[in-house]
Amino acid sequence: MLQYNVRDILADPRIVITVEETLDLPSISYGGEEIAITQAPVVSGKIRNLDGTMPEYKGSAELVMRMPCSRCMEDVAVPLLLEFSQRFLPAESVGDDWDEDAEVFTEYRLDLQDFVMNEIILGVPMKVVCREDCKGLCPKCGRNLNEGPCNCDFHEEDPRWDALKSLLQGKNKD
Ligand SMILES: [Zn+2]
Ligand SMILES: [Zn+2]
379 MLQYNVRDIL ADPRIVITVE ETLDLPSISY GGEEIAITQA PVVSGKIRNL DGTMPEYKGS
439 AELVMRMPCS RCMEDVAVPL LLEFSQRFLP AESVGDDWDE DAEVFTEYRL DLQDFVMNEI
499 ILGVPMKVVC REDCKGLCPK CGRNLNEGPC NCDFHEEDPR WDALKSLLQG KNKD
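The numbering used here numbers the first residue of the sequence shown as 379 and each following residue consecutively.
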């Protein structure tokens with residue numbers, strides 16, 4: 379569950395905690411949608427006590443998620459490699475001058491779970507394409523144009539012509 383007791387490393391800065399865990403995370407919710415995780419996140423790295431008071435976690439998470447191509451809607455495997463460097467501050471030490479980039483922890487319990495989950499969600503790309511030259515779907519018949527052209531006549535579908543047509547039709551009615 380990515381929770382670590384840092385009492386020892388706060389007492390002795392020579393001690394290093396090794397992080398190596400595979401998260402049981404079949405999917406994540408993102409923007410109201412479930413995104414399937416097809417290769418479970420492997421979280422690794424080290425927790426060190428650099429300056430005697432603030433443990434630092436340096437590490438990474440590697441996973442593969444499945445998202446639809448934003449043009450043709452076919453599923454795409456999206457590999458993510460996230461790298462972290464995060465300091466954690468004991469709640470007792472939070473003062474007026476605390477560095478807001480540091481996460482706060484209590485009772486020697488450093489919880490990387492929430493931190494890593496957040497980072498994974500931040501790492502989800504806004505859009506993916508199955509390939510750079512994906513032709514997408516025909517807006518008229520919905521055919522996947524990567525599989526070949528359809529028989530739709532796009533000239534009629536140009537919205538500028540539509541606007542002109544309705545303008546002319548409106549005139550003719552008067
Ligand atoms: Zn595509
Ligand atoms: Zn078509």
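All C-beta atoms, glycine included, are put in the ideal place defined by N, C-alpha and C.
As the structure is a computational prediction, the values presented were derived from the model and not from experiment.
List in chain order the residues whose CB is within less than 6 Å of at least one heavy atom of ligand 2. Cys-516, Lys-518, Cys-519, Arg-521, Cys-528 and Cys-530
Nearest to Pro-391 (by Cα), restricted to the options Ser-438, Arg-449 and Met-432: Position 13 of the sequence shown, counted from the start, is the residue given in the question as residue 391. Out of Ser-438, Arg-449 and Met-432, Met-432 has the C-alpha closest to the C-alpha of Pro-391.
Under 8 Å between the Cβ atoms of Leu-500 and Leu-380? By one-based count along the sequence shown, residue 500 stands at place 122. By one-based count along the sequence shown, residue 380 stands at place 2. Against a cut-off of 8 Å, the Cβ pair of Leu-380 and Leu-500 comes out as no contact.
Beta strand (DSSP E) containing Gly-526: first to last residue? Looking up residue 526 in the sequence shown gives position 148. Element bounds for Gly-526: n/a, residue is neither H nor E.
In angstroms with no decimal places, state the Cα-to-Cα distance between Gln-464 and Ile-425. Indexing the sequence shown from 1 puts residue 464 at position 86. Indexing the sequence shown from 1 puts residue 425 at position 47. Answer to the nearest angstrom: the Cα atoms are 9 Å apart.
Measuring from the CB of Val-507, is there a heavy atom of ligand 1 at a distance below 7 Å? Your numbering for residue 507 matches position 129 in the sequence shown. Val-507 Cβ: within cutoff of ligand 1.
Just how far apart, CA to CA, sit Thr-416 and Arg-444? For the purposes of this step, residue 416 is taken as residue 38 along the sequence shown, with counting starting at 1. For the purposes of this step, residue 444 is taken as residue 66 along the sequence shown, with counting starting at 1. If I take the Cα positions, the gap works out to 7 Å.
Could you tell me the distance, in whole angstroms, from the CA atom of Gly-409 to the CA atom of Met-495? The residue labelled residue 409 in the question sits at position 31 within the sequence shown. The residue labelled residue 495 in the question sits at position 117 within the sequence shown. Cα-Cα distance, rounded: 15 Å.
Straight-line Cα distance separating Ile-413 from Ser-448: Numbered from its first residue, the sequence shown carries residue 448 at position 70. Numbered from its first residue, the sequence shown carries residue 413 at position 35. If you take the alpha carbons of Ser-448 and Ile-413, they lie about 14 Å apart.
How would you label Asn-529, buried or exposed, when you count the other beta carbons within 10 angstroms and need 16 or more for buried? Your numbering for residue 529 matches position 151 in the sequence shown. With fewer than 16 Cβ atoms within 10 Å of its Cβ, Asn-529 is classed as exposed.
Can you name, in chain order, every residue of its own chain whose Cβ lies under 7 Å from the Cβ of Leu-401, other than the five neighbours on each side? Here residue 401 is taken as the residue at index 23 of the sequence shown, counted from 1. Excluding sequence neighbours, Leu-401 sits near Ala-418, Pro-419 and Val-421.
Is any non-hydrogen atom of ligand 1 found closer than 7 Å to the C-beta of Glu-452, if you look at the structure I gave you? Reading the sequence shown from its first residue, position 74 is the one you call residue 452. Within the cutoff, so yes.
Beta strand (DSSP E) runs wholly inside the region 427 to 513, at least 3 long, in chain order: 433 to 446, 453 to 468, 481 to 483 and 487 to 489
Provide the residue span of the beta strand (DSSP E) that contains Ile-395, from first to last. Within the sequence shown, numbered from 1, the residue matching residue 395 stands at position 17. From DSSP, the beta strand (DSSP E) with Ile-395 extends over 395 to 400.
Would you list the residues sitting across from Lys-518 in a DSSP beta bridge? Within the sequence shown, the letter at position 140 stands for residue 518. Looking at the DSSP assignment, Lys-518 forms no beta bridge with any residue, so it has no partner.
Any 3 or more C-beta pairs closer than 8 Å across the region 470 to 490 and the region 452 to 459: no
Please confirm whether Val-384 and Leu-488 have their CB atoms less than 8 Å apart. One-based indexing of the sequence shown puts residue 384 at position 6. One-based indexing of the sequence shown puts residue 488 at position 110. Yes, the Cβ-Cβ distance between Val-384 and Leu-488 is below 8 Å.
Name the DSSP beta bridge partners of Ile-413, please? Within the sequence shown, residue 413 is the residue found at index 35, counting from 1. DSSP output for Ile-413 lists Ile-406 as bridge partner(s).
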